[in-house]
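Worksheet: the structure to be examined is printed underneath.
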Amino acid sequence: MSEEQHGLPEPETGRNHSAGREPVFNLAPAVVGFALICIAIYAVQALLLDEQGQIWLLVNFAFVPIRYTGPYALDLAAFISPVSYSLLHGSLAHLFVNMIWLAAFGSPLANRIGTARFVAFWVAGALAAVALHFAIYPSSATPLVGASGAISAMMGAAARFAFYVDRRQSKPAFNGPLLPISLVLSSRSVLVFLAVWMVVNVVTGVGFGGGPDSQQIAWEAHIGGFLLGFLGIKFFDRPSRNENLRETRTE
Numbered sequence: 067m068s069e070e071q072h073g074l075p076e077p078e079t080g081r082n083h084s085a086g087r088e089p090v091f092n093l094a095p096a097v098v099g100f101a102l103i104c105i106a107i108y109a110v111q112a113l114l115l116d117e118q119g120q121i122w123l124l125v126n127f128a129f130v131p132i133r134y135t136g137p138y139a140l141d142l143a144a145f146i147s148p149v150s151y152s153l154l155h156g157s158l159a160h161l162f163v164n165m166i167w168l169a170a171f172g173s174p175l176a177n178r179i180g181t182a183r184f185v186a187f188w189v190a191g192a193l194a195a196v197a198l199h200f201a202i203y204p205s206s207a208t209p210l211v212g213a214s215g216a217i218s219a220m221m222g223a224a225a226r227f228a229f230y231v232d233r234r235q236s237k238p239a240f241n242g243p244l245l246p247i248s249l250v251l252s253s254r255s256v257l258v259f260l261a262v263w264m265v266v267n268v269v270t271g272v273g274f275g276g277g278p279d280s281q282q283i284a285w286e287a288h289i290g291g292f293l294l295g296f297l298g299i300k301f302f303d304r305p306s307r308n309e310n311l312r313e314t315r316t317e
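Counting along the sequence shown from 1, when you hit position 88 you're at 154 in our numbering, and nothing is skipped either side.
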C-alpha cells in the first residue's frame, strides 16, 4: 500500500498495562540537553550579569535584523545569532513555557529521528523562524530571542504524524509513516490545533498582557518555524524507519 493510501492513525484505546510504570518525565537526551543549555544561559543572565552584561549578551547573541540592513560591518555575531538567539529567553515565564512545549513536542520527535537529526532540525527551525521575521521586519532594531521558532517547527512536524505518539515503547515517539499533507489537512483534530495555535500566536504576538516577551517574540517567526517543520520534516525523518513503520501498519 502506498503512503497516500494510509488513513490517519487511530488514537490508542483502552489502558496500556505498562502506563502505570511509565516515568512522569521521559525526556529524550537531546531535549534534556537543549533544556539545560537554555536554563543555564538564563540563570547566568538573570543572576550573574549586570545591566551592561545583559546588553552585551543581547547584542552578540540575539537576532537583530538591522544588523544586516544597517550601516554595520558583519562580525561573528552576524553569523551565530540566527541560531544562538534560540537559546536565550526574556523572562522566567518565557523560559518555563518554552521548556514545557519542548518537552511535549520535542521528546517524541527526538526519539523518532535521533539526536543528530534533532539538533539539525532545531537549527533549521531557528533559521526558518528568523528568515520569515527578517523578511517582514528587515530594519527592526528589536532583539529577537527564544526557542519558540525551533519548537514551532517541532509542532509542525508533529502535525505530519497527526500527533500520534506510541507510548508502548520505552521511549515514546511519533508513530507511523509521514502522512501526506492532503491527508493531514483533512483531519479535524489537526485543523482545530492549527486554528487554536494560530489564534494564540497572533494574540500573544500583538502584545496581549503587555509583558516584555511580547516585544521580543514575533508570531511571524513562529509561523516560519512551523512551516519548516510541517513541510520539511521529510528531510530529517529516518527513511529506513519510515519504511519499516509503513510495512508494519499495512500487515
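Heads up, the beta-carbon is just placed ideally off N, CA and C, and yes, glycines get one too. Treat the numbers as computed from the prediction; the structure is a model and nothing was measured.
Using the three-state DSSP reduction, which class does residue i fall into: helix, strand or coil?
i, result
"PRO161", "Going by the sequence as given, residue 161 is Leu instead of Pro. Here LEU161 sits in helix by DSSP."
"PHE302", "coil"
"ARG87", "Caution is warranted here: a pLDDT of 45 is assigned to ARG87, below 50, making its placement in the model unreliable, and the coordinate value is therefore given only provisionally. In the structure shown, ARG87 sits in a helix (DSSP, three-state: H, G or I)."
"HIS155", "coil"
"SER147", "helix"
"TYR108", "helix"
"VAL130", "coil"
"PRO94", "First, the residue type needs correcting, since residue 94 is Ala and not Pro in the sequence shown. Correct three-state label for ALA94: coil."
"ALA170", "helix"
"LEU114", "coil"
"ALA139", "coil"
"SER318", "For residue 318 there is no data in the structure shown, the boundaries of the chain being 67 and 317."
"VAL262", "helix"
"GLY180", "coil"
Identify every residue that forms a DSSP beta bridge with residue i.
i, result
"VAL231", "PHE240"
"PHE187", "According to DSSP, PHE187 bridges with nothing at all."
Grab the span of the alpha helix (DSSP H) containing residue i for me, first residue to last.
i, result
"SER218", "214 to 225"
"VAL211", "Neither: VAL211 is in no alpha helix (DSSP H) and is coded neither H nor E."
"GLY298", "285 to 298"
"LEU249", "247 to 250"
"GLY119", "117 to 127"
Taking the Cβ atom as the reference point for each residue, do residue i and residue j lie within a distance shorter than 8 Å?
i, j, result
"GLU286", "HIS199", "yes"
"MET220", "LEU260", "no"
"ILE132", "ALA207", "yes"
"PHE226", "VAL258", "Checking the sequence, you will find Arg at residue 226 rather than Phe. Their beta carbons are not under 8 Å apart, which means ARG226 does not touch VAL258 by this criterion."
"ALA192", "ALA216", "yes"
Cβ of residue i within 7 Å of any heavy atom in the ligand MN?
i, result
"ALA143", "The ligand MN is not part of the structure shown, which contains no ligands of any sort."
- Touching or not, the region 107 to 124 and the region 181 to 197, by the rule of three or more beta carbon pairs under 8 Å? Touching, no, given that fewer than three Cβ pairs across the two stretches are closer than 8 Å.
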